[in-house]
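Protein chains in written order, with the working numbering: chain L, 19 to 128; chain H, 114 to 231.
Cβ coordinates follow ideal geometry from the N, Cα and C atoms, glycine included.
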């Protein structure tokens, strides 16, 4: 079957770094996405990986290892506004469908 | 950046009525749009894939006669919840793949529609 796993919740202090891991088992692979979602709002796109390696975009970086079925999202210099749910999603075929993990709630404390 | 809109943003209706939700891509054409449902503190669950000019593809367990999808143009898809019941109360979100950019691979989400069925 298809499975995308990520931790339920993580807590970190302002200014710190947090790494959110995501492991996946899907039929086919055409890219992995990370989205941020604040409560009551739609997801906003953060990053996309289709090749192995690290993609850096400002304070956010995302890493992918296709052979291990593993990705992580790294959030640096945490700010209070980063408190949100972070969703890992895999595109398993070429039709664009995304399968989402359950999301990781990140809580940033002062 | 690309923008996807949804209307209405919030709707409250009586049990047994039908509700139509519109999803529009504002500055790009989308041959494919997706409809998701999200219950509180849960992740997004794909309901169906909406294809312009053809029938929608529904995920397993989603009733196609209850959730009617129409993708009449390259910029508009509609989801109609027919004979809504309280258990249909949820956050409905659409998304769209930008035409001609499969390698860019950004799926743009609408702001969502909060449906409450009394």
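Count the other C-beta atoms from every protein chain shown that fall within 10 angstroms of the C-beta of residue 96 of chain L, then say buried if there are 16 or more, exposed otherwise. To locate residue 96 of chain L, count along the first chain from 1; it is residue 78. So residue 96 of chain L ends up on the buried side.
Mind reading off the beta-carbon distance from residue 119 of chain H to residue 224 of chain H? Whole number of angstroms is fine, and I expect it under 8 Å. For the purposes of this step, residue 119 of chain H is identified with residue 6 of the second chain, where counting begins at 1. For the purposes of this step, residue 224 of chain H is identified with residue 111 of the second chain, where counting begins at 1. With 8 Å as the limit, residue 119 of chain H and residue 224 of chain H qualify as a contact, their Cβ atoms being about 6 Å apart.
Using a Cβ cut-off of 7 Å (strictly closer), state whether residue 61 of chain L contacts chain H. In the first chain, counting from the first residue as 1, residue 61 of chain L sits at position 43. Yes, residue 61 of chain L lies at the interface with chain H (some Cβ there is under 7 Å from its Cβ).
Report yes or no: is there a C-beta of chain H within less than 7 Å of the C-beta of residue 81 of chain L? As a working note, residue 81 of chain L is residue 63 in the first chain. Judged by the 7 Å Cβ criterion, residue 81 of chain L is not in contact with chain H.
I'd like to know if residue 224 of chain H contacts chain L, where contact means its C-beta is closer than 7 Å to some C-beta of that chain. By 1-based counting over the second chain, the position of residue 224 of chain H is 111. At least one chain L Cβ lies under 7 Å of residue 224 of chain H.
Mind checking the stretch 109-121 of chain L against chain H and listing, in chain order, the residues whose C-beta falls within less than 9 Å of any C-beta there? 109, 112, 113, 114, 115, 116, 117, 118, 119, 120 and 121
Closer than 8 Å is the cut-off here; do at least three beta carbon pairs connect the stretch 19-31 of chain L with the stretch 93-110 of chain L? yes
So residue 35 of chain L is in the beta strand (DSSP E); what residue range does that whole segment cover? Position 17 of the first chain holds residue 35 of chain L. Looking at the DSSP string, residue 35 of chain L is not in any beta strand (DSSP E), and its letter there is neither H nor E.
Per-residue DSSP class, three states only, for residue 23 of chain L: Within the first chain, the letter at position 5 stands for residue 23 of chain L. It is a strand residue.
Quick check on the DSSP output: the beta strand (DSSP E) that includes residue 211 of chain H runs from which residue to which? In the second chain, the residue the question calls residue 211 of chain H occupies position 98. It is not in any beta strand (DSSP E) - residue 211 of chain H carries neither H nor E in the DSSP assignment.
In angstroms, rounded to a whole number, what distance separates the CA positions of residue 130 of chain H and residue 72 of chain L? Along the second chain, read from residue 1 onward, the residue named residue 130 of chain H stands at position 17. Along the first chain, read from residue 1 onward, the residue named residue 72 of chain L stands at position 54. Near 49 Å, if we compare the C-alpha coordinates of residue 72 of chain L and residue 130 of chain H.
Can you give me the start and stop residues for the beta strand (DSSP E) that residue 183 of chain H sits inside? Locating residue 183 of chain H in the second chain gives position 70, counting from the first residue. Here the beta strand (DSSP E) through residue 183 of chain H covers 180-186.
The beta strand (DSSP E) enclosing residue 143 of chain H, as first and last residue numbers: The sequence position of residue 143 of chain H within the second chain is 30, counting from 1. It is not in any beta strand (DSSP E) - residue 143 of chain H carries neither H nor E in the DSSP assignment.
Under a three-way DSSP split, which group does residue 133 of chain H fall into? Looking up residue 133 of chain H in the second chain gives position 20. In the structure shown, residue 133 of chain H sits in a strand (DSSP, three-state: E or B).
Residue interval of the beta strand (DSSP E) (run including residue 164 of chain H): The residue labelled residue 164 of chain H in the question sits at position 51 within the second chain. Per DSSP, residue 164 of chain H belongs to the beta strand (DSSP E) from 158-164.
For residue 127 of chain H, does the three-state DSSP call read helix, strand or coil? Here residue 127 of chain H refers to the residue found at position 14 when the second chain is read from its first residue. Coil, per DSSP.
Please list, in chain order, the chain H residues whose beta carbon lies closer than 8 Å to that of residue 64 of chain L. On the first chain, residue 64 of chain L is found 46 positions in, with the first residue counted as 1. None at all; the shortest Cβ gap to chain H is about 10 Å.
Report yes if the C-beta distance between residue 28 of chain L and residue 126 of chain L is below 7 Å; otherwise report no. As a first step, residue 28 of chain L must be located in the first chain, where it is residue number 10. As a first step, residue 126 of chain L must be located in the first chain, where it is residue number 108. Contact: no.
Note down, in chain order, all residues in the stretch 185-210 of chain H with a beta-carbon under 7 Å from any beta-carbon belonging to chain L. 206 and 210
Which residues in the same chain have their Cβ closer than 7 Å to the Cβ of residue 135 of chain H, if we skip the five residues on either side of it in sequence? On the second chain, residue 135 of chain H is found 22 positions in, with the first residue counted as 1. The answer, listed in chain order, is 119, 120, 189 and 191.
What residue range is occupied by the uninterrupted beta strand (DSSP E) comprising residue 107 of chain L? Counting from one through the first chain, the residue named residue 107 of chain L turns up at place 89. For residue 107 of chain L, the enclosing beta strand (DSSP E) starts and ends at 102-109.
Beta carbon of residue 114 of chain L nearer than 7 Å to that of residue 106 of chain L: Sequence index remark: in the first chain, residue 114 of chain L carries index 96 (1-based). Sequence index remark: in the first chain, residue 106 of chain L carries index 88 (1-based). Cβ atoms of residue 114 of chain L and residue 106 of chain L: not closer than 7 Å.
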